[in-house]
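Engineer: Per my numbering: the sequence shown = residues 21 to 165. Glycine included, each C-beta is placed from N, C-alpha and C at the ideal position. One structure coming up, written as structure tokens, with questions to follow.
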Amino acid sequence: MKVVVQRVKRASLFVEENYRGEIGKGVVVLAGFKKNDGEREIKYIVDKIYNLRIFEDENGKMNYSIEKIKGEIMVVPQFTLYGDVSHSNRPDFTKAEEFSKAKNLFEMFVDEMKKKGVNPLCGEFGKKMLVQIHNDGPVTIIIEK
């Protein structure tokens, strides 16, 4: 599993041109799943996101987590995170989990976040989306398990 976590001032989400919602200060998480990912990887990544200290304290030091600042989370499925371009200019997605399994993993990922008390704004698996991100910093962290 691989996620890209971006610290944002705000972000909005459209699914197939329909407005889904927006978040304020928090993070946008782009989530991709590889073959053989499961509950272990999901729990690790959710814990890491929840405790990641990427928000500034009163001294400007990255010392606060999403929980500490009571920030918001947007989660967007993105299978292209496992696109391999090492042998071609066209991405090869053979490392990415197949559609139905990846969709189930995404749902498990969102459910695990909800167990932490987070109610993320979610993209929709397999749909075309527009994500408007107002990066803060920018701060972008890649987490892989």
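Quick one: using the 10 Å Cβ neighbour count with 16 as the cut-off for buried, is P158 buried or exposed?
Structural biologist: Taking the sequence shown and counting its residues from 1, one reaches residue 158 at position 138. Per the 10 Å Cβ criterion, exposed.
Engineer: With three or more C-beta pairs closer than 8 Å as the rule, is the region 149-164 touching the region 67-79?
Structural biologist: Yes, they touch.
Engineer: State whether the region 96-116 contacts the region 78-87, with contact taken as three or more CB pairs (one from each stretch) at a distance under 8 Å.
Structural biologist: They do not touch, by the three-pair rule.
Engineer: Enumerated in chain order, which unbroken segments of the beta strand (DSSP E) with a length of 3 residues or greater are wholly contained in the region 55-105?
Structural biologist: Counting whole runs of 3 or more residues, the region 55-105 contains the beta strand (DSSP E) stretches 82-84, 92-97.
Engineer: Please classify K55 as buried or exposed, where buried requires at least 16 other C-beta atoms within 10 Å of its C-beta.
Structural biologist: One-based indexing of the sequence shown puts residue 55 at position 35. Looking at its Cβ environment, which holds fewer than 16 other Cβ atoms inside 10 Å, K55 is exposed.
Engineer: Candidates K63, I86, F75, I43: which alpha carbon is nearest V130's?
Structural biologist: Numbered from 1 along the sequence shown, position 110 holds the residue referred to as residue 130. When each option's Cα is compared against that of V130, the closest is K63.
Engineer: Do three or more CB pairs link the region 101-114 to the region 31-43 at distances below 8 Å?
Structural biologist: No contact exists between the region 101-114 and the region 31-43.
Engineer: Please find out if some non-hydrogen atom of the ligand FMN comes closer than 7 Å to the beta-carbon of K90.
Structural biologist: Ligands displayed in this structure: none; no statement on the ligand FMN is therefore possible.
Engineer: Between which two residues does the beta strand (DSSP E) harbouring A31 extend?
Structural biologist: On the sequence shown, position 11 is the one that residue 31 refers to. It spans 22-35 - the beta strand (DSSP E) in which A31 sits, taken as one unbroken run.
Engineer: Give me the DSSP bridge partner(s) of T160.
Structural biologist: Residue numbering aside, residue 160 sits at position 140 when the sequence shown is read from its first letter. In the DSSP output, where bridge partners are listed per residue, T160 has Q26.
Engineer: Which first and last residues belong to the alpha helix (DSSP H) in which E127 is found?
Structural biologist: Counted from its first residue, the sequence shown places residue 127 at position 107. It spans 119-135 - the alpha helix (DSSP H) in which E127 sits, taken as one unbroken run.
Engineer: Just to confirm my understanding: we take D112, look at its own chain, exclude 5 residues before and 5 after, and list those with CB closer than 6 Å. What are they?
Structural biologist: Sequence index remark: in the sequence shown, residue 112 carries index 92 (1-based). The answer, listed in chain order, is D104.
Engineer: Would you kindly check if the distance between the Cβ of V138 and the Cβ of A31 is under 8 Å?
Structural biologist: Translated into the one-based positions of the sequence shown, residue 31 becomes position 11. Translated into the one-based positions of the sequence shown, residue 138 becomes position 118. Going by C-beta atoms, A31 is not nearer than 8 Å to V138.
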